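Chains as they are written, first to last, in this note's numbering: chain A, 1 to 110; chain B, 1001 to 1115.
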């Protein structure tokens, strides 16, 4: 099976930088994804890392270290609209599942 | 708008009843995934279909079943409902198995309340 760990909550002020860490365990790791979900809404895809390194998409960046079974999502220049839950998810090559972590609630304060 | 359509958006029913949730994937997507999200919880993978065939199964209860039809829409059937089944049920789709980019397109969900 798969297990993922990420912090439950993070609070920061507008304009700040937040890093959400994710550690995972899975027998057939293929890639790490990140999703954003506003309260009760549909999760939306943010980024994917299949190889080690940093992927940058606007204010958001995601990093992966396969050897450490670790990744993070970096949110820069925080805005109020970034207040949401953020989930890491691993793709397993053995069973094609996309398994999600419990999510990190990010609260942005003025 | 992700292009994934789920109906109904809200459903209230009683314990012991049976409900069917419906999902139409994005045009061209062959894979459909079902996830359950209980209050303030993560997304629990239930089951995946690819082009009509079951491809992966999560911790789906025996009271739950699903299928994907030839037109690629999918239905999730929940029977003998219990209070603990109250949750948001999301459907997601991808072109293939989602294994290449990890990108799934989620519908707005069906909120089930069991009283």
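Beta carbons: idealized from backbone N, C-alpha and C, even for Gly. Because the structure is a prediction, the values reported are computed rather than measured.
Beta-bridge analysis with DSSP links residue 86 of chain A to A:36, A:104.
Going by DSSP, residue 1077 of chain B is part of the beta strand (DSSP E) stretching over 1074 to 1078. Within the segment 80 to 105 of chain A, 87, 89, 91, 93, 95, 96, 97, 98, 99, 100, 101, 102, 103 place their CB atoms closer than 7 Å to a CB of chain B, listed in sequence order. In this structure, residue 1081 of chain B lies near residue 1018 of chain B, with their beta-carbon atoms less than 8 Å apart.
Under the Cβ distance rule, residue 1064 of chain B does not count among the residues neighbouring chain A, no pair being separated by less than 8 Å.
Contact annotation: residue 77 of chain A and residue 15 of chain A have beta-carbon atoms nearer than 8 Å. Rounded to the nearest angstrom, the gap between the Cα atoms of residue 33 of chain A and residue 1087 of chain B is 23 Å.
The straight-line gap separating the alpha-carbon atoms of residue 4 of chain A and residue 1042 of chain B is approximately 11 Å. The beta carbon of residue 72 of chain A sits closer than 8 Å to those of 19, 20, 21, 22, 62, 63, all from its chain and outside the five residues before and after it, given in chain order. Among the residues facing chain A, residue 1007 of chain B is not included, as its CB has no counterpart in that chain under 8 Å away. Proximity of residue 1053 of chain B to chain A, defined by a Cβ-Cβ separation below 8 Å, is not satisfied. Interface criterion met: the Cβ of residue 31 of chain A is under 8 Å from a Cβ in chain B. The CB of residue 1087 of chain B never comes closer than 7 Å to any CB in chain A; the least such distance is about 11 Å. The three-state secondary structure of residue 54 of chain A, taken from DSSP, is strand. Around residue 45 of chain A, the beta-carbon contacts reaching into chain B at under 7 Å are 1103, 1104. Among the residues of the segment 1024 to 1057 of chain B, those with a Cβ less than 9 Å away from any Cβ of chain A are 1031, 1033, 1035, 1037, 1040, 1041, 1042, 1043, 1044, 1045, 1048, 1050, 1055, 1056, 1057, in the order of the chain. Its Cα nearest to that of residue 26 of chain A, the residue A:69 stands out among A:35, A:12, A:69.
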